[in-house]
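One structure below.
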Amino acid sequence: MIKILYFASVRERLNKSEETMELPADINTVAQLVALLAAKNPESRQLNEGGQPLLVSVNQTVADG
Numbered sequence: 003m004i005k006i007l008y009f010a011s012v013r014e015r016l017n018k019s020e021e022t023m024e025l026p027a028d029i030n031t032v033a034q035l036v037a038l039l040a041a042k043n044p045e046s047r048q049l050n051e052g053g054q055p056l057l058v059s060v061n062q063t064v065a066d067g
């Protein structure tokens, strides 16, 4: 189980500050997680929109890809 926290403009776009979900075993990267969120929830497609880079941290450490 993972807890996803949304901040600033992402929180405003998605109209939620967090969500909890069971992470499938085949999701190994941030990019895969973002794609999964976009497939599950139409509003999550907005994560890649807006022209701004998406800053992600995993256990309070900045992550990429």
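Going by my numbering, the first residue of the sequence shown is number 3, and it counts up by one from there. The C-beta atom is built at its ideal place from N, Cα and C for all residues, glycine as well.
| said: Spatial neighbours of Y2 within its chain, please: C-beta separation below 6 angstroms, excluding the five flanking residues on both sides. | reply: Because the chain is modelled from 3 through 67, residue 2 falls outside the range shown and cannot be assessed.
| Contacts around K5, its chain only, beta-carbon distance under 7 angstroms, and the 5 residues preceding and following it disregarded | Along the sequence shown, one-based indexing puts residue 5 at 3. Excluding sequence neighbours, K5 sits near E20 and T22.
| message | Using a Cβ-Cβ cutoff of less than 7 angstroms, which residues in the same chain neighbour I29 once the five nearest sequence positions on both sides are dropped? | response | Taking the sequence shown and counting its residues from 1, one reaches residue 29 at position 27. So the qualifying residues of the chain are L35 and L38.
| message | If you reduce the DSSP assignment to three classes, tell me which class A10 lands in. | response | Numbered from its first residue, the sequence shown carries residue 10 at position 8. Helix at A10.
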